[in-house]
Each structure stands twice: as C-alpha cells, then as structure tokens.
Amino acid sequence: MDELDPERSEQVFEDFKKAYTANQAIVEANRCLYCSDAPCITACPTGIDIPSFIRKISTRNTEGSARTIFASNILGMSCSRVCPVETLCVGDCVFNEMGVPPIQIGKLQRYATDMAFEKDWTFFEAGADTGKSVGIVGGGPAGLAAAHRLRRFGHAVTIYEKRDILGGLNTFGVAPYKMRADAALSEVEWVMSIGGITVEHGVTIPETYSWDDLLGKHEAIFLAFGLGPDTRLELPGSNLDGIVGAVDFIEDFKLKAMDLSAVKQAVVIGGGNTALDAVRELRGLGVPEVTLAYRGAEDQMGGYAHEWSAGKDEGVISAFNLQPVAYEGQGQVDGLRVVRTDADKKPIPGSAHTLPAQLVVLAVGQSKLGELVSDLDGVETKWGRVVTTESGQTGHPRVFAGGDCTNGGKEVVNGVAEGRDAAIAIHSMISEA
Amino acid sequence: MPDLTINCGGISSPNPFWLASAPPANSGEQVQRAFDHGWGGAVWKTLGQPIQNVSSRFGAIDWQGRSGVGFNNIELITDRSLDVNFREIYETKRKYPKHALIASLMVETREEWKEIIKRAEDAGADGLELNFGCPHGMCERGMGSAVGQEPAVNERITSWAKEFANVPVLVKLTPNVGDIVPHGLAAQRGGADGVSLINTIKSIIGVDIDTFVPKPMVGNRSSNGGYCGAAVRPIALHMVAALARDRQFNIPISGIGGITNWRDATEFMLLGSSSVQVCTEVMLKGYRIVEDMIEGMEGWMRDHDFQTTDQFIGKSIPHYADWGDLDINFETVAKINAETCIGCQVCVVACHDGAHQCIHPAEVGRIPVVDESECVGCNLCQIVCPVEGCITMEEVENGFAPTTWNEHLNEGKPVRPKKGAH
C-alpha cells in the first residue's frame, strides 16, 4: 500500500463534528434512556446494539463498548464519522419525541472506536482454517466487511482491487471534514490485522482475470465493485478545461495537492449528497465564491437537509431551478450558461444567463457497472445494479454481491451491512457444500 | 406573605434553614456570609478539644455522571482553638442578633461539659447542640456516637448539660442504631429541649479498584466515615417520623439528612421537624442555594394557604401508618398516556424483568400496552418512565370495602383476590 501524499490538500480540513473528551462522552452517555427494543438500533443498517455500547461508555467499560460496536459493524470507526446519523440512529432517538436534544450516538461511537484504535484493541481472531476460499472484487467498505467476517469463519480471502489503495470511497471519497484518508487507511490496516486476507492490486475484470478464472480459484465470489465514473453532461463546450466530475475532483484533492488559486468562482451542478459535499469542500479549500446549481427547487434536492444547512452556513451560494445549457470559455471554462426552469423543471424562454466559473464540478450521478457482469451466468442486473436476494446472493449460486454495485450508491454503513450479511450467507453456502 | 419564622425547642430563627454543624459552619467569616445569603441559623462546627485532621477527608458517590449523590467524610470536630471559635461566635451573634446561632459541643467529662457550656453561653450562643452522633474518629475516643448509642450515657450527659445550661439544649442523635426511638426518649428524659437528627451513617463510601484502597484515601489506608448527602434522606425521614409519631416522645425535632432544596426541607417539616439543617448540598453548591429554599417554601405555603410554619409541621404524621393498617383492598393500575409517551419502552423491560410482566410492546407502534388484569399497581413503570406525568397510577373500583390486614386477621373482613401471583 502506497504512503499517502504528505502534501495532499484534504489536510486543510478539520473535523466538522469534534471528538468528545472522556468527560463529554460520559456526560452524554449518561443521558441515554437505555430504551428496550430501541428505535436507534432499528434505524442502524448494521443493527449495532446502541443502548448497550452507550451504557458501557458511562461505566467506563470503553473496551466493552467498542466490542459491542465492532461485533455488528467492523467499520464502526469510519461509520461513526461518516454516517448521516441525523437521518438514521440519532434521527430516531426517542428524545426527539420529547423535544429534548437526541443522544449524539455518532460522537459516542467515535469516542469508543477511536479509543479502540488508540489502545490497539482487536476483538476478533480468524477462525480455524476451513480450506475454502472466497474472492472479493473490490476493497471498499462492503468488500472489507465481507472479508473480515469470512476470516472469522476461517475461510481464505483474496481481495481483487483495481486501485493501489484499499478502502474505496472511505479512503478517496469521504468529505475530509468527516474523515481524512489517513484515518480510513488506519481502519483498513486494523481490519486487515485479522490476518489471512490476500490483496491483489491493479486488478481489472476481464483484463486481469475472467469471471471463470475467479470461480475456478474460489468456492464463492463476492462482488463489491461499487459504481463507475461520474456521469458527464454533454453540452457545447464539454471539451474545455476546468470541467470535472465530482468523484474525480474529491479523490484528487483528498489524495493529492490541488492548486485552486486561479479559481475565484466555482459552480457545482447537482442536488445530491455528492454535490453538497463538493460545495462545502470547495469552500473549505478556499474558493471565494461557490455556487450550487440545481435544476429543481431547494426542497426537491436529494441531499440531506442537515448537509445543505451546513453548506449555507459555510457561505455556499444557491442557484435553484436552473438548467445548464452550455459551458463557456476559450480553452479553459469561464462560465456556465444556464436557463431558468419552471415548476416542472421545463426551461423558461428568455431566461438564459451565465454563471461565471473557472471550475465546474459535475455531481449528477455516477455510472453503474452492471455490464461488468453481463457474461456471468445467471447474474441479473436492473438499471445497471446487480440484483441479489436479501442475503446478497445473485442468480449464480456461487456469486454474491453487495454495496454500491447492488444498492446504486447508499451509505458506507449500508455497504458494511450488505458485506457482512453476504459473508454469513456465503459461509452457510460453502459450509454445506 | 407567609411567615417562615420557626421556634425549635426555644430557639427561634427567621426561617427554618440552618447550616448543620460541619465545614460550612466552621468559622465566623463563613457563618456571617451564610447569614447574608439568607440562612436562618447555623450550628457551629463542633467545639471540643481541637483535633488534628487527616488528608484527604471526603468521598462521594457518583451516579450517572453526577458526583455527590451520596457523600462521606472522615473529618473530626473543630481543629481551631476554642478561643478563636468563641470570639468569632461572639462577633457573629453581635452582628446578627436575630439569627439562630447554636454551639455544637463534644467533650468528655462532667467538668469539661460545665466549662465549655459556660464559654458557649458567654459567647452569646442561642442554644447548644450536644454532638452524640459522630460515627468516626471521635467515637473511638469514647465520644460522638459512642455516647449516642448508649441511652443511659446519652441521658446522663444530657442531664449534665441541662444542669449547667441556661439556653436550650438540643441532642444530636446518631442513626447508627437499630431503633431511634429509645435514643430520642433518653435525650428527653435527660431534659433535652429538642433533638437533631440524623448525624451521619457509618460507611465506606467506595474503594479505588486500581489501588485497592478504600476512599477517602489517606496514603494507602482509609477508615469508615460518616455517610450523608441526598442518598441518606429516606433514612433520615424515617427516623424523624418514627420519633414524631411516638406517643411518649414530645420534644421538637431539628431535621437533618440529605436536604438539598425546599422540597426536601418541606418533607422533613411535614414529618415533624421544626427546623432543618443542611450541610452536604452547601458543600457542593454553596450558601446561595438558600434563596431558592426560601422562595420555594414561601410559594408552596401560599399555594396551600399556610400562613405560618406551625400550620404544616407534622402534617404528614397522621398519614404514616404501620403496614398492617394499610387498606389492602385499595387498588391501582398503570395508565400510559399515548399523547406524551415517547416510545422508549423502558417500562416494558422494567415490568418484564423487575415486576409482574404486565406491560407489553404494542403490536403496532411503540406505545406499550398495560394488561390491567395483571397489573399489581406497583409503580415501577411510573418510576422508570422518563416523561413526567406520562404514566399515572389510577385507582380502580373493585367492589371490596376498605380493609386493613389487621382487620382481616382480627375481624375476618374480606380481602380482594391477589393479582400477578400466578
């Protein structure tokens, strides 16, 4: 695994939500009502026993607390930082019903899991060798969660990863004010410390291996290859410099040094969570004027309200009900031509104008990679997503899938849950064979 | 405006709130500041042969992140010279003539009692409190609770004090006894004008689980101390009430033990205390708490149309009965208010694991369902519910006439069928 670039730009960001001190964590933990059949557990895709881990913090049994978290979610450290807790566990805390501030579950989880990393507590050992092996395509959250669980069962695991680093979007896609790449990689290292996980980097399918190759090597394979490149908006001027996909842009400044000194104005096109990350990141990287251009109204945006609210606080300008029609500039983009749209998102004649921008970031979605599996017998896709049963099995009995390639792009915690559950299903399948 | 003045065994004060004999009443400077904040009286830190204290001295119980719910100390009586103490008492009394200033005393021999009582009275003390309660250190020297635990010794020393004293004498009782009543009666026989209770409870407040040394740590040792603070209040309330309702006991009571605010103080007075004494909460929060105590009690008196404290002192005593005299046919069941329930289901698990398995999760939604045919009306759900007023215990008509267990035994009156005894 390569060392991270010491000059990478993401380092200018500090945590948006500060870590708790021990004192703060204990005060907050003591507020928890310790509900039975708690709604926060149901709201967590990985079903962490939240009241139990919080109670353990309150008694200073932090090691036990971390054990409870990792037992359900091996990426509990990154999830504590990147989960949209406002819409998951914290959003369902019963204190909301009472008009009392909900328990800050994410920050408490971070407290316990950070301490586990600091103290180097590892709770799990690999199971006795079963002589069976599983191949995992993609070393992001779903792949890592599956790999770890499979190792606990004693199966050999090989991760096939296209990039030279593991962690997937956790490493190169998460907003750095939530988690920086070095934290993501330290988590990868912690997960890998269970031992027995082989990683092959630089692997693409079908160039490096065919599906038959993988099915020949392993009792089962788990597909966790995520999503494809950013969707482009093909408009006049698309070939100008300074027009970038959001995922590429984020990866670039997270892993490398990025010089934005020439950018006084930037426009991000989109209304989803990637767009909301991008505008906040551009502000944090020092771009003076950052505009979010979205074709619908403010309340139609797909991104989380709490993220947009933070973006507004950070000075992001909004431009709603707009449709881009062309990129303007000579060699280098210097503006985005837009028209206003009506309530049905239809263009309004005579409303064309230009938003000046030396950088245009496209956050209008990522392509789906379903066609990758078109020659894999029995595996079906729908809208480019791999179709699975609840336990992650595809139409091919030895092929399982999870994470963004099946759910179309959800949260890290969904990928972890799907990877873990698929591992359990794989274990059950290959143990019977 | 309600009148908060009280008279406890001949000692009057502008309100019932006295500092107990303890660190907050250690010096004239402190007591005068307390009076400026509004305290009605103070029982001076116990005077006797000045001692040498140890370091450290205090320990506390933490409960859910809150320190000091229970508290203990291994501090002894005054460590300042008697000359200094009496001079400060004199100065304080001169500046604050209307406040109650009581000298707490602890010496051994009859001659010593005679001497120290004279000096206290010469300094201007409005009353004396005989410290027969301290359960640590002093009792090892034959004083404090060593006196309070022996009714005959208690009576004898009390009678000495009464022989020498011209001002009222209160006897401070120790709770480290099986039954408080014989000890209150002993003080009464000795001629006491009133009793103060409770002193602290013999205790070990905790153990440092890393060093194995009990707390508070004095190097690598500790000793049993005196337990106090909010957590002891129920014990104190019971002992106050046990004396207040005893037919032979008829002298005033100054109530002490875990009083933190006006509500606690009101409870002590309803169970028969004429004045109340506070230490731990002042140690934790400062003299300033008395402002709320005064305002709160005045507001409560207005709400209940009481003009004077006499109108409510002891008012709860008729409601305190033996178990055998409770109405065994009185029946309540829990009702959950669906409007205010937040769905935490803490009542469900409490009832299932700790009571009679009669509160169940709803089939739809999170508002639990009470099976009234099984509910014994124990209150546990109401106690654990985080929403004030959400769970209420409602009386149900069961058709059985009120009957006590004693009446059932003696007169054969019918008793309702048991619930939850499957």
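Taken in sequence, the protein lines are chains E and X. Using numbering that gives the first Met the number 0, the final residue of the first sequence is 432, and nothing's skipped along the way. Using numbering that gives the first Met the number 0, the final residue of the second sequence is 421, and nothing's skipped along the way. Even for Gly, the Cβ is constructed at its ideal location relative to N, Cα and C.
Hey, quick one: how far does the alpha helix (DSSP H) through W261(X) stretch, first residue to last? Under the DSSP assignment, W261(X) falls in the alpha helix (DSSP H) whose first and last residues are 261-269.
Please tell me whether E27(E) and Q108(E) are closer than 7 Å, where the distance is taken between their beta carbons. No, these two residues do not count as a Cβ contact at 7 Å.
Can the beta-carbon of I358(X) be found less than 7 Å from the beta-carbon of C380(X)? Their beta carbons are under 7 Å apart, which means I358(X) touches C380(X) by this criterion.
So, is the C-beta of D91(E) closer than 7 Å to a C-beta in chain X? Not an interface residue.
Taking P416(X) as the reference, give the member of G298(X), A349(X), N397(X) with the closest Cα. P416(X) has its Cα closest to that of N397(X), out of G298(X), A349(X), N397(X).
Identify whether R379(E) lies in helix, strand or coil by the three-state DSSP scheme. A quick correction: the sequence has Glu, not Arg, at residue 379(E). Residue state, collapsed to three classes: coil.
On the three-pair Cβ rule with 8 Å, is the region 397-413 of chain E touching the region 366-383 of chain E? Look at the beta carbons and you see the region 397-413 of chain E touching the region 366-383 of chain E: at least three pairs across the two are nearer than 8 Å.
May I have the straight-line CA-CA distance separating V429(X) from G323(X), to the nearest angstrom? In the structure as shown, chain X begins at 0 and stops at 421. Residue 429(X) is therefore absent and cannot be evaluated.
If we ignore side chains and look at the alpha-carbon of each, how far apart do G419(X) and V368(X) end up? If you take the alpha carbons of G419(X) and V368(X), they lie about 16 Å apart.
Beta bridge counterpart(s) of Q322(E) as assigned by DSSP: Answer by DSSP bridge pairing, in chain order: V338(E).
For V360(E), go through chain X and note every residue whose CB falls closer than 9 Å to its CB, in chain order. Identification of chain X residues near V360(E) by a Cβ-Cβ cut-off of 9 Å yields none; the smallest Cβ-Cβ distance measures about 42 Å.
Beta-carbon neighbours of I341(X), restricted to chain E and to distances below 7 Å: Simply V93, E96, M97.
Anything in chain X within Cβ reach of N29(E), meaning under 7 Å, just list it in chain order. Here the neighbours are Q63, G64.
When you compare only the Cα positions, how much space is there between M0(E) and I135(E)? Reliability fails at M0(E), whose pLDDT of 47 lies under 50, so the model's placement of it is uncertain and no value is given.
Are there 16 or more other CB atoms within 10 angstroms of the CB of W62(X), so buried, or fewer, so exposed? Counting Cβ neighbours within 10 Å, W62(X) comes out exposed, since fewer than 16 surround it.
Have a look at D420(E) and I288(X) and give me their C-alpha separation to the nearest angstrom. For D420(E) and I288(X), the distance between alpha carbons rounds to 57 Å.
For a quick check, are the C-beta atoms of G224(X) and N25(X) less than 7 Å apart? The criterion of a C-beta distance shorter than 7 Å is not satisfied by G224(X) and N25(X).
DSSP beta-bridge partners for Y95(X)? Assignment of beta-bridge partners to Y95(X) by DSSP yields no partner.
Can you check whether the C-beta of P23(X) is within less than 7 Å of a C-beta belonging to chain E? Cβ-Cβ to chain E under 7 Å: no for P23(X).
Is K345(E) near R294(E), with beta carbons less than 7 Å apart? No, these two residues do not count as a Cβ contact at 7 Å.
Using a Cβ cut-off of 7 Å (strictly closer), state whether Q344(X) contacts chain E. Against chain E, the CB of Q344(X) has a partner CB under 7 Å away; the residue lies at that interface.
Would A223(E) and G402(E) be called neighbours here (beta carbons separated by less than 7 Å)? Closer than 7 Å, so yes.
If you run the structure through DSSP and keep just helix, strand and coil, what is Q381(X)? In the three-state DSSP reduction, Q381(X) falls in the helix class (H, G or I).
When you compare the CB positions of V194(X) and I252(X), do they come within less than 7 Å of one another, or not? Yes, they are a contact pair.
Hey, how far is the Cα of G218(X) from the Cα of I73(X)? Counting only the Cα atoms, I73(X) lies some 14 Å from G218(X).
Which one of S185(E), V133(E), L368(E) has the shortest CA to CA distance from H217(E)? Among S185(E), V133(E), L368(E), the Cα nearest to that of H217(E) belongs to V133(E).
Which residues DSSP lists as bridging F171(E), in chain order: Its beta-bridge partners do not exist; DSSP assigns none.
Kindly confirm or deny that the region 238-247 of chain E and the region 148-165 of chain E touch, where touching means at least three C-beta pairs closer than 8 Å. No contact exists between the region 238-247 of chain E and the region 148-165 of chain E.
Looking at the strands, I want to know which residues DSSP matches up with C227(X). DSSP, once it has assigned bridges, lists F70(X) as partnering C227(X).
Can you list the beta strand (DSSP E) stretches of 3 or more residues lying completely in the region 295-365 of chain X, in chain order? 331-335, all fully within the region 295-365 of chain X.
State the Cα-Cα distance for the pair E206(E) and V89(E), rounded to the nearest angstrom. Distance between the alpha carbons of E206(E) and V89(E) is about 44 Å.
By Cβ distance, which residues of its chain are closer than 8 Å to P228(E), with the 5 residues on each side in sequence left out? Within the same chain, and ignoring the five residues on either side of P228(E) in sequence, the residues whose Cβ sits closer than 8 Å to its Cβ are G244, V246, D247, Q365, S366.
Short CB-CB distance (under 7 Å) between I49(E) and chain X: No, its Cβ sits nowhere closer than 7 Å to a Cβ of chain X.
Ordered list of alpha helix (DSSP H) runs contained in the region 254-285 of chain E, each at least 4 residues: Taking only runs of at least 4 residues, the alpha helix (DSSP H) segments lying wholly in the region 254-285 of chain E are 272-283.
Contact check, A145(E) vs A422(E), beta carbons under 7 Å: Cβ distance < 7 Å, so A145(E) and A422(E) count as in contact.
Hey, out of Y89(X), T279(X), N165(X), whose CA is closest to K113(X)'s CA? Comparing Cα positions, the closest option is N165(X).
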